[in-house]
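In the UniProt record's numbering, the protein residues as written are 1 to 220.
The block underneath contains the structure these notes are about, expressed in structure tokens.
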Amino acid sequence: MKKLVVDLGHGGHDPGAVGKGGTKESEVVLKIGKYLESMLKEVDLDVRFTRMSDKYVSLGDRVEFANNFGADYFLSIHINSASDSSVRGVEVWQYNNDDKNLNEFCSSLCNEISGIFNIRNRGMKLSKSLYVLKNTSMKAALLEVDFISNSFCEKDLNNENNLKAVARVIKDNVLKLYNIKTSEPILYKVCIGAYMDKSNAISCMNTAKSKGFSDAYIIF
Ligand SMILES: [Zn+2]
Numbered sequence: 001m002k003k004l005v006v007d008l009g010h011g012g013h014d015p016g017a018v019g020k021g022g023t024k025e026s027e028v029v030l031k032i033g034k035y036l037e038s039m040l041k042e043v044d045l046d047v048r049f050t051r052m053s054d055k056y057v058s059l060g061d062r063v064e065f066a067n068n069f070g071a072d073y074f075l076s077i078h079i080n081s082a083s084d085s086s087v088r089g090v091e092v093w094q095y096n097n098d099d100k101n102l103n104e105f106c107s108s109l110c111n112e113i114s115g116i117f118n119i120r121n122r123g124m125k126l127s128k129s130l131y132v133l134k135n136t137s138m139k140a141a142l143l144e145v146d147f148i149s150n151s152f153c154e155k156d157l158n159n160e161n162n163l164k165a166v167a168r169v170i171k172d173n174v175l176k177l178y179n180i181k182t183s184e185p186i187l188y189k190v191c192i193g194a195y196m197d198k199s200n201a202i203s204c205m206n207t208a209k210s211k212g213f214s215d216a217y218i219i220f
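Structure (structure tokens):
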């Protein structure tokens with residue numbers, strides 16, 4: 001089975017970049033990682049995460065883990081920060097750009113994430129110094145979703161739907177990268193309401209359940 005390591009940046013005593021409102025990079029990437037994990041569960045791919053809780057993992061341990069596991073690809077997820085708080089945009093870093101499939105993966109991630117937040121596509125960049133790119137033995141990419149130093153970005157990153165959308169874009173592009181075809185079954189769903197307020201949705205779901213529709217659930 002093909003293998004992927006997803007590296008969620010920072011964690012524990014290392015929050016990474018922190019927005020003016022106190023949002024931590026380490027927490028945002030963990031949330032994205034959790035959505036991604038559940039989305040990749042049914043996929044025919046052996047995916048390991050370098051962390052799945054708010055704990056500190058050294059860069060050396062992340063690399064060693066991926067190298068020992070023998071992943072085919074390594075994807076590190078981060079949120080950027082800049083001293084100029086007006087800056088926004090998505091970018092993906094690689095050590096070199098000699099893997100055509102990974103190049104497509106990176107440019108597609110940039111395109112689609114810039115679409116989610118309506119932010120600049122800063123594109124694919126090369127770095128010979130980023131530790132995890134330099135020291136992993138497989139092809140690796142490092143995604144910087146957006147700049148948490150921008151207050152609009154920070155607000156966007158506190159919206160679970162946006163994080164879920166980022167996870168979905170990553171998942172879809174991982175499937176393309178590994179050439180995995182999925183045959184998701186078509187489900188005909190019955191909708192009985194749509195609410196701006198989550199508590200109203202929960203109340204509607206509970207009413208449905210109490211009337212005997214025990215499989216009722218919320219989509220957002
Ligand atoms: Zn980071």
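The C-beta atom is built at its ideal place from N, Cα and C for all residues, glycine as well.
Residue burial classification, residue i (beta-carbon count within 10 angstroms, cutoff 16)
{"i": "histidine 13", "result": "exposed"}
{"i": "aspartate 7", "result": "buried"}
{"i": "threonine 50", "result": "buried"}
{"i": "phenylalanine 105", "result": "buried"}
{"i": "aspartate 197", "result": "exposed"}
{"i": "asparagine 200", "result": "exposed"}
{"i": "leucine 187", "result": "exposed"}
{"i": "glycine 60", "result": "exposed"}
{"i": "glycine 70", "result": "exposed"}
{"i": "asparagine 101", "result": "exposed"}
{"i": "glycine 115", "result": "exposed"}
{"i": "cysteine 153", "result": "buried"}
{"i": "asparagine 150", "result": "buried"}
Endpoints, the beta strand (DSSP E) within which residue i is located
{"i": "leucine 75", "result": "73-80"}
{"i": "valine 5", "result": "3-8"}
{"i": "valine 166", "result": "Premise fails: valine 166 lies in the alpha helix (DSSP H), 160-177, not in any beta strand (DSSP E)."}
{"i": "leucine 143", "result": "139-147"}
Paired residues, beta bridge with residue i - DSSP
{"i": "phenylalanine 213", "result": "Looking at the DSSP assignment, phenylalanine 213 forms no beta bridge with any residue, so it has no partner."}
{"i": "methionine 124", "result": "Val92"}
{"i": "lysine 24", "result": "Val18"}
{"i": "valine 47", "result": "Leu4"}
{"i": "glycine 33", "result": "None, per the DSSP bridge assignment."}
{"i": "glycine 11", "result": "Asp14"}
Cα-Cα separation between residue i and residue j, rounded to whole angstroms
{"i": "asparagine 135", "j": "lysine 211", "result": "57 angstroms"}
{"i": "aspartate 72", "j": "methionine 138", "result": "6 angstroms"}
{"i": "leucine 36", "j": "threonine 207", "result": "31 angstroms"}
{"i": "alanine 194", "j": "cysteine 204", "result": "9 angstroms"}
{"i": "alanine 165", "j": "isoleucine 32", "result": "9 angstroms"}
{"i": "valine 5", "j": "alanine 216", "result": "34 angstroms"}
{"i": "aspartate 156", "j": "lysine 55", "result": "24 angstroms"}
{"i": "aspartate 172", "j": "leucine 126", "result": "23 angstroms"}
{"i": "cysteine 110", "j": "glycine 123", "result": "6 angstroms"}
{"i": "lysine 24", "j": "lysine 3", "result": "29 angstroms"}
{"i": "residue 221", "j": "valine 90", "result": "Residue 221 lies beyond the stretch modelled for the chain, which goes from 1 to 220, so this question has no answer here."}
{"i": "methionine 1", "j": "serine 86", "result": "44 angstroms"}
{"i": "phenylalanine 65", "j": "lysine 41", "result": "20 angstroms"}
{"i": "leucine 75", "j": "aspartate 98", "result": "16 angstroms"}
{"i": "valine 92", "j": "leucine 143", "result": "4 angstroms"}
{"i": "glycine 19", "j": "isoleucine 148", "result": "5 angstroms"}
First and last residue of the uninterrupted alpha helix (DSSP H) at residue i
{"i": "arginine 62", "result": "59-69"}
{"i": "aspartate 156", "result": "151-157"}
{"i": "glycine 115", "result": "100-117"}
Within-7 angstroms CB hit, residue i to chain B
{"i": "serine 199", "result": "Here there is only one protein chain, and chain B is not present."}
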